[in-house]
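**Student:**
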Amino acid sequence: MKRFLSIALLFVLLTALLPVQAQAAGDTVTINVYNWGQYLSDGTDDYINVIEEFEAAYPNIKVNYMTYDSNESMYTKLKTGGSLFDIIIPSDYMVEKLIAEDMLEPLDMTNIPNFAYIDESFRDPSYDPGSVYSVPYTWGGVGVIYNTKYVDEADTGGWELLWNEKYAGKILMFDNPRDAFAIAQLELGYDINTEDSTLLTLSANLLREQKPLVQMYVMDQVFDKMQRGEAWIAPYYAGDYLLMVEENPDLAFYYPEEGFNLFVDAVCIPKGSEHKAEAETFINFLLDPEVCGQNLEYLGYSSPSSAAKEFMDPEVASDPIAYPDTETLARGLSFSSLSLEGTQEMNSLWLTVKTADTTTTVYLILTIAAVVLVVFLWGFVKFRKRRKKARRCRKWKQAQ
Amino acid sequence: MKNKSKWLSGPYVLWMVLFTLIPLGVVLYYALTDSVTGEFTLSNLANFANYWPIFLRSIWLSIFATLICLLIGYPVAYYIAHCKPALQRLLQMLIMLPMCISFLLRTLAWVALLEDTGIINNFLTSIGLSALPLIRNNGAVILGMVYNYLPYMILPLYTVIMKIDHRLVEAAQDLGCNSRQVFAKVTLPLSVPGIVSGITMVFVPAVSTFYISQKLGSPGTILIGDVIESQFKAAYNPNLGAALSLVLMVLIFVCVGIMNHFTDSDDEESMVTL
Numbered sequence: 001m002k003r004f005l006s007i008a009l010l011f012v013l014l015t016a017l018l019p020v021q022a023q024a025a026g027d028t029v030t031i032n033v034y035n036w037g038q039y040l041s042d043g044t045d046d047y048i049n050v051i052e053e054f055e056a057a058y059p060n061i062k063v064n065y066m067t068y069d070s071n072e073s074m075y076t077k078l079k080t081g082g083s084l085f086d087i088i089i090p091s092d093y094m095v096e097k098l099i100a101e102d103m104l105e106p107l108d109m110t111n112i113p114n115f116a117y118i119d120e121s122f123r124d125p126s127y128d129p130g131s132v133y134s135v136p137y138t139w140g141g142v143g144v145i146y147n148t149k150y151v152d153e154a155d156t157g158g159w160e161l162l163w164n165e166k167y168a169g170k171i172l173m174f175d176n177p178r179d180a181f182a183i184a185q186l187e188l189g190y191d192i193n194t195e196d197s198t199l200l201t202l203s204a205n206l207l208r209e210q211k212p213l214v215q216m217y218v219m220d221q222v223f224d225k226m227q228r229g230e231a232w233i234a235p236y237y238a239g240d241y242l243l244m245v246e247e248n249p250d251l252a253f254y255y256p257e258e259g260f261n262l263f264v265d266a267v268c269i270p271k272g273s274e275h276k277a278e279a280e281t282f283i284n285f286l287l288d289p290e291v292c293g294q295n296l297e298y299l300g301y302s303s304p305s306s307a308a309k310e311f312m313d314p315e316v317a318s319d320p321i322a323y324p325d326t327e328t329l330a331r332g333l334s335f336s337s338l339s340l341e342g343t344q345e346m347n348s349l350w351l352t353v354k355t356a357d358t359t360t361t362v363y364l365i366l367t368i369a370a371v372v373l374v375v376f377l378w379g380f381v382k383f384r385k386r387r388k389k390a391r392r393c394r395k396w397k398q399a400q
Numbered sequence: 401m402k403n404k405s406k407w408l409s410g411p412y413v414l415w416m417v418l419f420t421l422i423p424l425g426v427v428l429y430y431a432l433t434d435s436v437t438g439e440f441t442l443s444n445l446a447n448f449a450n451y452w453p454i455f456l457r458s459i460w461l462s463i464f465a466t467l468i469c470l471l472i473g474y475p476v477a478y479y480i481a482h483c484k485p486a487l488q489r490l491l492q493m494l495i496m497l498p499m500c501i502s503f504l505l506r507t508l509a510w511v512a513l514l515e516d517t518g519i520i521n522n523f524l525t526s527i528g529l530s531a532l533p534l535i536r537n538n539g540a541v542i543l544g545m546v547y548n549y550l551p552y553m554i555l556p557l558y559t560v561i562m563k564i565d566h567r568l569v570e571a572a573q574d575l576g577c578n579s580r581q582v583f584a585k586v587t588l589p590l591s592v593p594g595i596v597s598g599i600t601m602v603f604v605p606a607v608s609t610f611y612i613s614q615k616l617g618s619p620g621t622i623l624i625g626d627v628i629e630s631q632f633k634a635a636y637n638p639n640l641g642a643a644l645s646l647v648l649m650v651l652i653f654v655c656v657g658i659m660n661h662f663t664d665s666d667d668e669e670s671m672v673t674l
């Protein structure tokens with residue numbers, strides 16, 4: 001009886017609890033944040049854990065965090081649908097492309113008062129006139145990272161280091177067409193936004209020349225390979241270099257003299273977002289000077305908000321690689337969105353670079369040999385079968 | 401009885417229609433339409449002309465990997481099949497054991513072993529030898545394939561060899577066959593079904609793999625699986641990707657068909673010799 005009572009009591013207690021829980025669950029909203037890999041401070045080395053802090057500040061919003069490794073793969077994911085994202089962080093040219101294809105929601109700036117902290121020079125950018133669809137998250141340049149232990153200082157300075165045969169097999173290269181073509185175009189002295197067929201083909205030829213020297217085409221794998229010294233030379237984003245050099249002090253970085261890509265990555269809300277207001281709350285949280293400062297101090301990328309720099313380690317805030325002098329910045333060039341035809345041409349040329357082959361003849365000879373062998377075997381088997389049959393017939397006749 | 405089994409197979413038939421036949425139709429649709437306008441076109445398939453060297457390389461590397469699997473796998477399967485039952489179970493489990501660990505993880509482990517700054521080369525340089533080029537070549541890709549797919553060769557072979565009626569072997573011995581003849585005239589012909597399914601189960605996944613070649617290969621050893629993957633993941637041209645998958649499927653059917661043709665005729669013969 002006692003047991004029955006306690007069970008009954010437990011049951012009553014549980015039912016009393018249930019509606020409360022259900023209500024709490026009903027109130028929380030989950031936003032899907034889709035960001036670059038290694039692009040949000042996650043609590044490593046005592047830095048801020050942005051998502052945890054956000055969920056603590058807004059207990060009714062949960063963050064579902066996912067990552068991608070290039071603008072192109074993010075675009076593909078958005079385009080193929082199947083998943084709804086509330087926050088994405090594409091680069092400048094991709095923002096322009098997404099706006100042109102009507103894939104972004106205009107932002108409600110009344111929900112993002114912290115936009116006021118963004119520096120004047122980052123408002124009203126050319127990729128998003130009037131900052132209607134995007135809010136800058138970080139900016140930075142693309143340069144060359146190299147390992148001082150193995151690479152001769154005299155060889156550095158320009159993009160041609162990536163074509164230096166001395167370091168064959170130790171060179172990494174971008175695994176996305178836009179960044180890879182820009183490097184070839186800068187080396188050749190072309191405009192990095194050109195859509196001219198001949199110039200694109202010539203750039204692709206230069207990339208094909210480089211291929212035998214390339215150890216691997218990489219994106220986020222660059223961290224692991226450079227930190228361990230598996231590869232010695234890699235073009236990559238300045239902010240990520242600052243993260244790598246903490247793990248491997250032998251690494252060094254320079255902005256090539258021929259010029260380099262200067263990019264802005266911006267936070268956007270894609271069309272189809274079901275929790276736009278909550279997503280805007282998240283954007284506002286990211287722009288909070290203290291959060292932004294601590295987040296970017298960990299990331300190593302440059303901050304578009306001077307107010308945030310006050311919350312950074314002064315050494316980081318004045319780093320010449322994260323915040324290059326005006327002379328260096330003058331060499332920076334930004335991407336603009338290419339037309340659909342231009343993008344497709346670049347993609348297919350990139351594919352020919354990646355699939356270019358030099359060992360075809362060996363396989364061709366092997367294949368011809370195999371075909372001959374198959375035909376020969378087939379004939380042989382048939383012949384043997386017939387002979388066997390004939391022999392059996394003969395035996396059978398003899399037996400009779 | 402026949403009626404009942406028809407009903408019982410219903411769920412799978414439904415599954416196959418939903419998740420095999422319809423997706424195949426979608427692949428066919430994409431392969432035959434233009435990526436921009438959506439009109440009917442054969443240009444995606446015509447693109448095969450640009451990729452045939454990669455098709456050839458994928459097929460050859462897989463053929464080598466399959467042959468090595470067969471050469472390693474057959475003696476192992478034969479040995480296991482002739483062990484005591486308790487030992488058989490243990491060995492079978494040991495062969496299956498690596499399959500319990502993620503395929504991706506196992507390949508990454510090989511990367512850690514073979515890299516220029518990997519475990520093997522670090523050891524070699526520490527004892528004063530020069531580092532070897534172990535990774536980023538065809539050999540490493542084949543090694544990855546063999547390592548990952550070897551169990552798929554051994555298990556069907558083992559099952560078939562184990563089931564061979566020992567009385568047939570004894571009969572052959574009684575009739576004066578030496579051990580080599582017993583193997584050539586009895587064991588080998590009777591294990592042909594195992595060889596066929598083993599080859600199919602290794603060759604088909606090996607020819608369409610992309611992860612192994614990405615991790616263990618170099619930019620020069622790209623396989624057709626890599627091209628297809630990049631079409632869907634990065635370049636966003638599902639039409640070309642679908643066309644290439646379709647061509648690959650046809651090529652696999654041709655390869656398997658050629659093999660079956662030979663083994664079928666072998667089979668008939670073995671029946672005759674028996």
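Going line by line, the protein sequences match chains A and B.
In terms of our numbering, the first sequence opens at residue 1 and continues consecutively.
In terms of our numbering, the second sequence opens at residue 401 and continues consecutively.
Don't be surprised by glycine CBs; every beta carbon is placed ideally from N, CA and C.
Since the model is a prediction, treat every value here as computed from it, not as a measurement.
If you draw a straight line from the C-alpha of residue 363/A to the C-alpha of residue 233/A, how long is it?
**Tutor:** What you label residue 363/A is simply residue 363 of the first sequence in a count that begins at 1. What you label residue 233/A is simply residue 233 of the first sequence in a count that begins at 1. If you take the alpha carbons of residue 363/A and residue 233/A, they lie about 32 Å apart.
**Student:** For residue 454/B, return the contacting residues in chain A, with the cut-off set at a CB-CB distance below 7 Å.
**Tutor:** Locating residue 454/B in the second sequence gives position 54, where the first residue counts as 1. Result: 355 and 357.
**Student:** Closer than 8 Å is the cut-off here; do at least three beta carbon pairs connect the stretch 542 to 553 of chain B with the stretch 564 to 573 of chain B?
**Tutor:** Touching, no.
**Student:** Would you mind sorting residue 449/B into buried or exposed? The rule is 16 or more other CB atoms within 10 Å of its CB.
**Tutor:** On the second sequence, position 49 is the one that residue 449/B refers to. With fewer than 16 Cβ atoms within 10 Å of its Cβ, residue 449/B is classed as exposed.
**Student:** Please state the DSSP three-state secondary structure of residue 215/A.
**Tutor:** Within the first sequence, residue 215/A is the residue found at index 215, counting from 1. Of the three classes helix, strand and coil, the one that applies to residue 215/A here is strand, per DSSP.
**Student:** Here's the rule: buried if 16 or more other CB atoms are within 10 angstroms of the residue's CB, otherwise exposed. What is residue 522/B?
**Tutor:** Position 122 of the second sequence holds residue 522/B. Classification of residue 522/B: exposed, given that the 10 Å Cβ count is below 16.
**Student:** Give a yes or no on whether the minimum CB-CB distance between residue 403/A and chain B is below 8 Å.
**Tutor:** Since the first and last residues shown for chain A are 1 and 400, residue 403/A lies out of range.
**Student:** Tell me, please, whether the CB atom of residue 211/A is closer than 8 Å to any CB atom in chain B?
**Tutor:** By 1-based counting over the first sequence, the position of residue 211/A is 211. Closer than 8 Å to some Cβ of chain B, the Cβ of residue 211/A qualifies, so yes.
**Student:** Given residue 41/A, which residues of its chain have a CB within under 6 Å of its CB, disregarding the five upstream and five downstream residues?
**Tutor:** Numbered from its first residue, the first sequence carries residue 41/A at position 41. 47, 48, 50, 295 and 298.
**Student:** Could you pull the start and end residues of the beta strand (DSSP E) that residue 261/A belongs to?
**Tutor:** Numbered from its first residue, the first sequence carries residue 261/A at position 261. Its beta strand (DSSP E) spans residues 260 to 268.
**Student:** What does DSSP give as the partner residues of residue 33/A in its beta bridges?
**Tutor:** Within the first sequence, the letter at position 33 stands for residue 33/A. Residue 33/A pairs with 65/A and 87/A.
**Student:** Kindly indicate which three-state DSSP category residue 138/A falls into: helix, strand or coil?
**Tutor:** The residue given as residue 138/A occupies position 138 in the first sequence. DSSP places residue 138/A in strand when its eight states are reduced to three.
**Student:** Give me the chain B residues within the contact set of residue 363/A, using Cβ-Cβ distance strictly less than 8 Å, ordered along the chain.
**Tutor:** If you number the first sequence from 1, residue 363/A lands on position 363. Within 8 Å Cβ-Cβ: 453, 456, 457 and 460.
**Student:** Can you name the residues that DSSP bridges to residue 433/B?
**Tutor:** Sequence index remark: in the second sequence, residue 433/B carries index 33 (1-based). Per DSSP, the beta-bridge partners of residue 433/B are 440/B.
**Student:** Determine the closest residue to residue 266/A out of 93/A, 171/A, 111/A and 367/A, with distance taken between C-alpha atoms.
**Tutor:** Position 266 of the first sequence holds residue 266/A. The shortest C-alpha to C-alpha distance from residue 266/A to any of 93/A, 171/A, 111/A and 367/A is the one to 93/A.
**Student:** Is there at least one Cβ from chain B nearer than 8 Å to residue 404/A's Cβ?
**Tutor:** Since the first and last residues shown for chain A are 1 and 400, residue 404/A lies out of range.
**Student:** Taking just the CA atoms, how far does residue 572/B sit from residue 512/B?
**Tutor:** As a first step, residue 512/B is located in the second sequence; it is residue number 112 there, counting from the start. As a first step, residue 572/B is located in the second sequence; it is residue number 172 there, counting from the start. If I take the Cα positions, the gap works out to 50 Å.
**Student:** Check whether the Cβ of residue 360/A lies closer than 8 Å to any Cβ atom in chain B.
**Tutor:** Residue 360/A sits at position 360 when you count from the first residue of the first sequence. True, the Cβ-Cβ gap to chain B drops below 8 Å.
**Student:** Between the beta-carbon of residue 425/A and the beta-carbon of residue 342/A, is there less than 8 Å?
**Tutor:** In the structure displayed, chain A extends from 1 to 400; residue 425/A sits before or after that span and is not available.
**Student:** As a quick exercise: from 336/A, 277/A and 243/A, pick the residue whose alpha carbon is nearest that of residue 45/A.
**Tutor:** Here the question's residue 45/A lines up with position 45 in the first sequence. Of the listed residues, the one whose Cα sits closest to residue 45/A is 243/A.
**Student:** Just by C-beta distance, which residues in the stretch 182 to 214 of chain A are closer than 9 Å to chain B?
**Tutor:** 211, 212 and 214
**Student:** Along the stretch 594 to 616 of chain B, where does the CB come closer than 8 Å to a CB of chain A? Name the residues.
**Tutor:** Sequence-ordered contacts of the stretch 594 to 616 of chain B with chain A are nonexistent [C-beta pairs closer than 8 Å].
**Student:** Check whether chain B comes within 8 Å of residue 228/A, counting only Cβ atoms and requiring the distance to be less than that.
**Tutor:** As a first step, residue 228/A is located in the first sequence; it is residue number 228 there, counting from the start. Taking Cβ atoms only, chain B reaches closer than 8 Å to residue 228/A, which makes this a yes.
**Student:** Quick test of your reading: residue 238/A and residue 321/A, contact by CB under 8 Å. State the CB separation rounded to the nearest angstrom.
**Tutor:** Counting from one through the first sequence, the residue named residue 238/A turns up at place 238. Counting from one through the first sequence, the residue named residue 321/A turns up at place 321. Right, the Cβ-Cβ distance comes to about 5 Å (below 8 Å), so this counts as a contact.
**Student:** Grab the span of the beta strand (DSSP E) containing residue 109/A for me, first residue to last.
**Tutor:** The sequence position of residue 109/A within the first sequence is 109, counting from 1. From DSSP, residue 109/A is part of no beta strand (DSSP E); its letter is neither H nor E.
**Student:** Report yes if the CB atom of residue 98/A is closer than 8 Å to the CB atom of residue 268/A, and no otherwise.
**Tutor:** The residue given as residue 98/A occupies position 98 in the first sequence. The residue given as residue 268/A occupies position 268 in the first sequence. Result yes, Cβ atoms of residue 98/A and residue 268/A sit closer than 8 Å.
**Student:** Roughly how many whole angstroms lie between the Cα atoms of residue 328/A and residue 29/A?
**Tutor:** The count along the first sequence starts at 1 and reaches residue 328/A at position 328. The count along the first sequence starts at 1 and reaches residue 29/A at position 29. So the two alpha carbons sit approximately 45 Å from each other.
**Student:** Name the chain D residues that come within less than 8 Å of residue 501/B, Cβ to Cβ?
**Tutor:** Of the protein chains in the structure, A and B, none is chain D.
**Student:** In chain order, what residues of the same chain lie with their CB nearer than 6 Å to the CB of residue 642/B, ignoring the 5 residues before and after it?
**Tutor:** Taking the first residue of the second sequence as position 1, residue 642/B is located at position 242. The answer, listed in chain order, is 427, 430 and 431.
**Student:** Select from the stretch 512 to 545 of chain B all residues with a C-beta closer than 9 Å to any C-beta belonging to chain A, and list them in chain order.
**Tutor:** 515, 516, 517, 518, 533, 536 and 538
**Student:** Measure the beta-carbon distance from residue 255/A to residue 141/A and round it to whole angstroms, keeping in mind my assumption that it falls under 8 Å.
**Tutor:** Position 255 of the first sequence, counted from the first residue, corresponds to residue 255/A. Position 141 of the first sequence, counted from the first residue, corresponds to residue 141/A. The Cβ separation is near 6 Å, so the contact holds.
**Student:** Would you say residue 216/A reaches chain B, if we count a Cβ-Cβ gap shorter than 8 Å as a contact?
**Tutor:** As a working mapping, residue 216/A is identified with position 216 in the first sequence. Answer yes: the Cβ-Cβ gap between residue 216/A and chain B drops below 8 Å somewhere.
**Student:** Using the Cβ count rule (16 or more neighbours within 10 Å means buried), how would you classify residue 501/B?
**Tutor:** Along the second sequence, read from residue 1 onward, the residue named residue 501/B stands at position 101. Burial call: exposed.
**Student:** Closest Cβ-Cβ distance between residue 633/B and chain A: below 8 Å?
**Tutor:** Here residue 633/B refers to the residue found at position 233 when the second sequence is read from its first residue. True, the Cβ-Cβ gap to chain A drops below 8 Å.
**Student:** What residue does the alpha helix (DSSP H) around residue 531/B start on, and which one ends it?
**Tutor:** Translated into positions along the second sequence, residue 531/B becomes position 131. Taken as a continuous stretch (DSSP letters only), residue 531/B belongs to no alpha helix (DSSP H), as it is neither H nor E.
**Student:** I'd like the span of the alpha helix (DSSP H) that includes residue 612/B, first residue to last.
**Tutor:** Sequence index remark: in the second sequence, residue 612/B carries index 212 (1-based). It spans 611 to 616 - the alpha helix (DSSP H) in which residue 612/B sits, taken as one unbroken run.
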